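Heads up: the structure comes next, in structure tokens.
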Amino acid sequence: MLVVMILFKFGAIILVAHQRADVFAEEHVMLTTRRSIIASSGLLALTALDRSLPAIAQSGSAATNSGIAPTAEEARAIAANAYLYFYPLLSMDVTRKQSTNIEPGKEIGKGPMNMFVNVPAYPPADLKTVVRPNFDTLYSLAWLDLTKEPMIVSAPDTGGRYYLLPMLDMWSDVFASPGWRTTGTQAANFLIATPGWNGAVPSGVTRIDAPTPIVWIIGRTKTDGPADYAAVHKIQAGYQITPLSRWGKPPVLPEATIDPSVDLKTPPKVQVDSMSGDKFFAYAAELLKVIPPHVTDQPMIAQLKKIGIEPGKSYDVQRLSPTIRDALANAPHDAQQLMAWKVASLAQVVNGWSMNTDTMGVYGNYYLKRAIVAQLGLGANLPEDAIYPLNLSDQTGKPLDGSNKYTIHFDKGATPPVNAFWSITLYDNDGFQVANALNRFAVSSWMPFKRNADGSLDLYFQNDNPGSDKEPNWLPAPKGPFNLTMRLYAPTPDALTGKWSPPPVTRT
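Taken in order, the sequence shown gives residues 1 to 508; the numbers are from the UniProt record's numbering.
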């Protein structure tokens, strides 16, 4: 059995700080910087990390499973894994509070529970608050509260246009993904209910069971540039949420619940990462009273009991032994070290592109990866809906820089394999779009590219205009460092299995 062994007193780890992208960023968990792990006494601080969680120190597994109180080492390992387990839950709830603690129409992308809030435009060139934004879709976001009754989510007929309404439970797993790929583009109604609900489903409505009574919808509608906004806005207006009790009645805006104690300024990642162990686990215990674990989480629930955390009960540090208190206090530090150590190996790098398609969107009991995704880019899609190769270097292994000129060459018929569409977006080293005379931040498959005589396609990434004949294929770069993200919407199996990989970025 592979286990987590944390050698606290010997190892020292240098961590690289991460900034989690806003949901609009479509952030992806991939290697973006090099990370160093230094062992001060010739021992690695972390060894034998595996998907089998909860993991405990191997030397004490028999004692722990037999009901004997865990040793200090065992308790510390269990507490670290408990932190990983709960991290997405807290991240989701803090994000929910920030997103819904507001009256309708007060801020783009935010609004009360049980209503869609639509983002009407791409981020402008000078916006520096959204990291790695996409320029392919406009968002329609919603949080559902199913605690009193089911909600019916309605989508209009999009006339064949790509749209996606991925639904996430409070553990950050995608449990349903209505839209172009799965349900088509005709008008549709979906009743979202908790599994125990046994009422009647209205005619013409499809039932979807939600694992948790709170649901996050991160809707996207394909948008072919600003000239397409008006058409997309009509579709966005057709996304509606109706309480079952009001089905067939005139729509009514939901009432906003304003809690003045909610921190609306500090990013959710910063809030969660800075919580003490006691605050983190007290928050988790309260959420666990209303958010049920997944059925497959029972081994973890059994381990949680060994450190004083049980579903339905409040967190009471006073009834815990000093050993358990110490383990829980150290859990944020220990678990975040595990996350920083593991992130570098989550993705495969091919031709200078980092690709991550394994266990994304649905994580099973791979709690470590689920926590990392929540920390770096909460709200990941299913890979069947979209993947995001991230470029790390040119063909020689050097980072991209606007002092050079680059080309990506696609042979005829070898552009990114998708059933929907693809794009490449350019960002500066801070993850922001680069202002330019063309006001062009991405190149996408919908654009009228100029192809070569043999049907192949060359795309150009450089600071200087390459000339009028190449300008349709040009993505302007800054004079300094930059990077690229490729997005494949509804990728084919070749992209998901690794049979296809992006071509290298070639310095010319």
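Yeah, the Cβ is synthetic: ideal placement off N, Cα and C, and Gly gets one too. The structure displayed is predicted, hence computed values, not measured ones.
Asked: What number of angstroms, rounded off, separates the C-alpha of G225 from the C-alpha of K249?; Found: 36 Å
Asked: Which residue's Cα is closest to the Cα of residue 532: L457, P70, D326, T257?; Found: Coverage of the chain is limited to positions 1 through 508, which leaves residue 532 absent and any answer about it impossible.
Asked: Since I believe A210 is in contact with I192 (beta carbons under 8 Å), could you give me their beta-carbon distance rounded to a whole number of angstroms?; Found: 5 Å
Asked: Sort P213, A188, W216 by Cα distance to G204 and report the nearest one.; Found: A188
Asked: According to DSSP, which residues form a beta bridge with W143?; Found: W216
Asked: My parser needs the alpha helix (DSSP H) runs of 4 or more residues fully inside the segment 292-357; what are they?; Found: 298-305, 322-342
Asked: Restricting to Cα atoms, I'd like to know which of D316, P254, A420 is closest to F281.; Found: D316
Asked: Taking all protein chains shown into account, do 16 or more other C-beta atoms lie within 10 angstroms of the C-beta of S314, making it buried, or fewer, making it exposed?; Found: exposed
Asked: Looking at P292: is its Cβ nearer than 8 Å to the Cβ of I301?; Found: no
Asked: How many angstroms separate the CA atom of Y388 from the CA atom of Q318?; Found: 46 Å
Asked: Kindly identify the DSSP beta-bridge partner or partners of V153.; Found: F190, I241
Asked: Would you mind sorting I217 into buried or exposed? The rule is 16 or more other CB atoms within 10 Å of its CB.; Found: buried
Asked: Would you tell me roughly how many angstroms separate the C-alpha atoms of L144 and M115, rounded to the nearest one?; Found: 8 Å
Asked: Going by DSSP, what residues sit across from F461 in a beta bridge?; Found: Y406, L475
Asked: Is the segment 88-99 close to the segment 337-351, with three or more CB pairs under 8 Å?; Found: no
Asked: Give the C-beta separation of R161 and T183 to the nearest angstrom, bearing in mind that I take them to be a contact with Cβ-Cβ under 8 Å.; Found: About 14 Å separates the two Cβ atoms, so there is no contact after all.
Asked: What separation, rounded to the nearest whole angstrom, lies between the Cα atoms of L287 and L89?; Found: 8 Å
Asked: Can you tell me whether DSSP reads L288 as helix, strand or coil?; Found: helix
Asked: What residue range does the alpha helix (DSSP H) around I78 cover?; Found: 72-100
Asked: Assign M92 to buried or exposed, taking buried as 16 or more other Cβ atoms, counted over all protein chains shown, within 10 Å of its Cβ.; Found: buried
Asked: Kindly indicate which three-state DSSP category T425 falls into: helix, strand or coil?; Found: strand
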